[in-house]
Ligand code: NAD
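In my numbering, the protein residues as written are 13 to 279.
Below, the structure written as C-alpha cells:
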C-alpha cells in the first residue's frame, strides 16, 4: 500500500497506545480514519484530539464478539465503503503465572488477541478481494517468538496470531491477490499495557513503533520485528541446545524475569 492518502484505514484498539498514535499518523498522511475500540472514554478522547487533523470516526465495538463485529462491519461498509487498510491492533495481557489464570482470563485473552483479528478480517477481506487491493496489518508481539514466564496465555495468543497472519499472506499470494499482509512483532513498548516490566533490552518508544508500523505498511513489508535482533530468536532456538538458549535469554539478557514486577493497566 504505497500511498495512504485518501485511503480508508480501520484500526482496532485505536483509542489508546500505539493504535491511537498510528491513527494520528494516518490522518497526517491524508487518510480517513476509523477507530474501533471497546473503551468509550478513550474513543471520545481520541476522536476529540484526532478529528482536528482530518476525517476520523469511531465505533464502540467489542472485537471478541463475532455478532457485534458482523453488525458494526456492515455499518462501516455502508457508511464508508470498502476498507483499504485494516490494522488488527486491539489486545490485552493478563500477566500472571498460568496456574493463576481462571477460565475467563484464558478465554478473554485468546478471543481478543487471536480470534478477534480473524473475525474482523473475515468481514473486510471480501471487499478487498473484490477490488483486488488492500492491506492487513496484524500486531502480534515478540512474545509470539519467545516463551516467557507470566505470559503463557498471551504468548500462546500471539504465536497463534503469527501463524494465522503469515498463512493469510501466503494465501493472498497463491490466489494472486494484490493484498499485502504485514505481521508486526514488537518487544515491550512504553504504552502502559505492560507497566511495571523491567528489562535490560531497552523498552520501545510508542511513537517510534507507530511510525515504523505505518512505514512497513507503505513498504508492504511481510514482517516487522522490533528490535531487529528479535529475528535471531528462532535461529537461536534452532541452532543451540534449549538449555543454552534458556541460559542466554533468561540469565544473560534477563528476559525470563522481565514480568516479575508487572502491574499492567488498572482496569
Ligand atoms: P493499549 O492497552 O494502549 O491499547 C489496546 C487497545 O485495545 C485499548 O484501546 C483497548 O481499549 C482496546 N481493546 C481491548 N480489548 C478490546 C476489545 N475486546 N474490543 C475492542 N478494543 C479492545 O495497548 P498497546 O500497548 O497500544 O498495544 C497494542 C497492541 O500491541 C496489542 O495487540 C498488544 O498486544 C501489542 N503489543 C504491545 C506491546 C507493549 O509492550 N505494549 C508489545 C508487543 C505487542
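We treat Cβ as the ideally placed atom computed from N, Cα and C, and that holds for glycine.
Next item on the list: Check whether the Cβ of residue 102 lies closer than 6 Å to any heavy atom of ligand 3, and answer yes or no.
Entry: Ligand 3 is absent from the structure shown, which contains only ligand 1.
Buried versus exposed call for residue 79 [16 or more other C-beta atoms within 10 Å across all chains shown]:
Counting from 1 along the chain shown, the entry for residue 79 is found at position 67. The residue in question, residue 79, is exposed, as its Cβ has fewer than 16 Cβ neighbours within 10 Å.
**OP:** Please go through the stretch 198-242 and give each complete beta strand (DSSP E) segment of 3 or more residues, from N-terminal end onward.
**Re:** 235-238
Run of the beta strand (DSSP E) containing residue 24, from where it starts to where it stops
Translated into the one-based positions of the chain shown, residue 24 becomes position 12. From DSSP, the beta strand (DSSP E) with residue 24 extends over 20-24.
### Message
Run through the DSSP bridge pairs and tell me what residue 49 is partnered with.
### Response
Residue 49 sits at position 37 when you count from the first residue of the chain shown. BP columns for residue 49 point to 72.
(Q) To the nearest angstrom, how far is the alpha carbon of residue 74 from that of residue 253? (A) As a position in the chain shown, residue 74 is number 62, starting the count at 1. As a position in the chain shown, residue 253 is number 241, starting the count at 1. Each residue's alpha carbon lies about 42 Å from the other.
### Task
Flag residue 272 as yes when its Cβ comes closer than 6 Å to any non-hydrogen atom of ligand 1, and as no otherwise.
In the chain shown, counting from the first residue as 1, residue 272 sits at position 260. No, ligand 1 has no heavy atom inside 6 Å of this Cβ.
**Prompt:** Would you report the Cα separation of residue 93 and residue 247, rounded to the nearest angstrom?
**Reply:** In the chain shown, counting from the first residue as 1, residue 93 sits at position 81. In the chain shown, counting from the first residue as 1, residue 247 sits at position 235. C-alpha separation (whole angstroms): 43 Å.
(request) Can you check the stretch 133-206 for any beta strand (DSSP E) of at least 3 residues that lies completely inside it and give the ranges in chain order? (result) 146-151, 191-198
Could you round the C-beta distance between residue 62 and residue 83 to whole angstroms and report it? I think they count as a contact, below 8 Å.
Along the chain shown, read from residue 1 onward, the residue named residue 62 stands at position 50. Along the chain shown, read from residue 1 onward, the residue named residue 83 stands at position 71. Your pair residue 62 and residue 83 does not check out as a contact, with CB atoms roughly 24 Å apart and the cut at 8 Å.
Check: Hey, is the stretch 227-239 in contact with the stretch 159-173, meaning 3+ C-beta pairs nearer than 8 Å?
Finding: no
### Message
Do residue 222 and residue 13 have their beta-carbon atoms positioned less than 7 Å apart in this structure?
### Response
The sequence position of residue 13 within the chain shown is 1, counting from 1. The sequence position of residue 222 within the chain shown is 210, counting from 1. No, the Cβ-Cβ distance between residue 13 and residue 222 is not below 7 Å.
Quiz prompt | residue 49 CB to nearest heavy atom of ligand 1 below 6 Å | solution = The sequence position of residue 49 within the chain shown is 37, counting from 1. Answer for residue 49: yes, Cβ within range of ligand 1.
Hey, out of 21, 31, 65, whose CA is closest to residue 202's CA?
The residue labelled residue 202 in the question sits at position 190 within the chain shown. Ranking the options by Cα distance to residue 202, first place goes to 31.
### Query
What is the DSSP secondary structure of residue 254, counted as helix, strand or coil?
Working through the chain shown from its first residue, we reach residue 254 at position 242. Looking at residue 254 - three-state DSSP - the assignment turns out to be helix.
Determine, using beta carbons only, whether residue 102 and residue 20 come nearer to each other than 7 Å. Translated into positions along the chain shown, residue 102 becomes position 90. Translated into positions along the chain shown, residue 20 becomes position 8. Going by C-beta atoms, residue 102 is not nearer than 7 Å to residue 20.
message = DSSP has residue 57 in a bridge; who is on the other side?
response = Counting from 1 along the chain shown, the entry for residue 57 is found at position 45. Bridge partners of residue 57: none, in fact.
Notebook entry, point to check: Buried or exposed: where does residue 48 fall if 16 or more other Cβ atoms within 10 Å of its Cβ makes it buried?
Noted result: Your numbering for residue 48 matches position 36 in the chain shown. Per the 10 Å Cβ criterion, buried.
(Q) To the nearest angstrom, how far is the alpha carbon of residue 269 from that of residue 241? (A) Locating residue 269 in the chain shown gives position 257, counting from the first residue. Locating residue 241 in the chain shown gives position 229, counting from the first residue. Approximately 19 Å between the Cα atoms of the pair.
_Quick check: residue 164 and residue 199, are their CB atoms within less than 7 Å of each other?_
Within the chain shown, numbered from 1, the residue matching residue 164 stands at position 152. Within the chain shown, numbered from 1, the residue matching residue 199 stands at position 187. Against a cut-off of 7 Å, the Cβ pair of residue 199 and residue 164 comes out as no contact.
**Message:** Between residue 190 and ligand 1, is there a pair consisting of the residue's CB and a ligand heavy atom that are separated by less than 6 Å?
**Reply:** Taking the first residue of the chain shown as position 1, residue 190 is located at position 178. It does not: the Cβ of residue 190 is nowhere closer than 6 Å to a heavy atom of ligand 1.
Just verifying my parser: in three-state terms, what is the DSSP assignment at residue 95? Counting from 1 along the chain shown, the entry for residue 95 is found at position 83. Three-state result, residue 95: coil.
**OP:** With a 10 Å radius around its C-beta and 16 neighbouring C-beta atoms as the bar for buried, classify residue 147 as buried or exposed.
**Re:** On the chain shown, residue 147 is found 135 positions in, with the first residue counted as 1. Under this definition residue 147 is a buried residue.
Residues sharing a beta bridge with residue 100, DSSP: Within the chain shown, residue 100 is the residue found at index 88, counting from 1. DSSP links residue 100 through a beta bridge to 150.
Around the C-beta of residue 18, are 16 or more other C-beta atoms found within 10 angstroms, so that it is buried, or is it exposed? Stepping through the chain shown from its first residue, residue 18 is reached at position 6. Label assigned to residue 18: exposed.
Review point. Expressed to the nearest angstrom, what Euclidean distance is found between the alpha-carbon atoms of residue 138 and residue 228?
Key: The residue labelled residue 138 in the question sits at position 126 within the chain shown. The residue labelled residue 228 in the question sits at position 216 within the chain shown. The straight-line gap from Cα to Cα measures roughly 23 Å.
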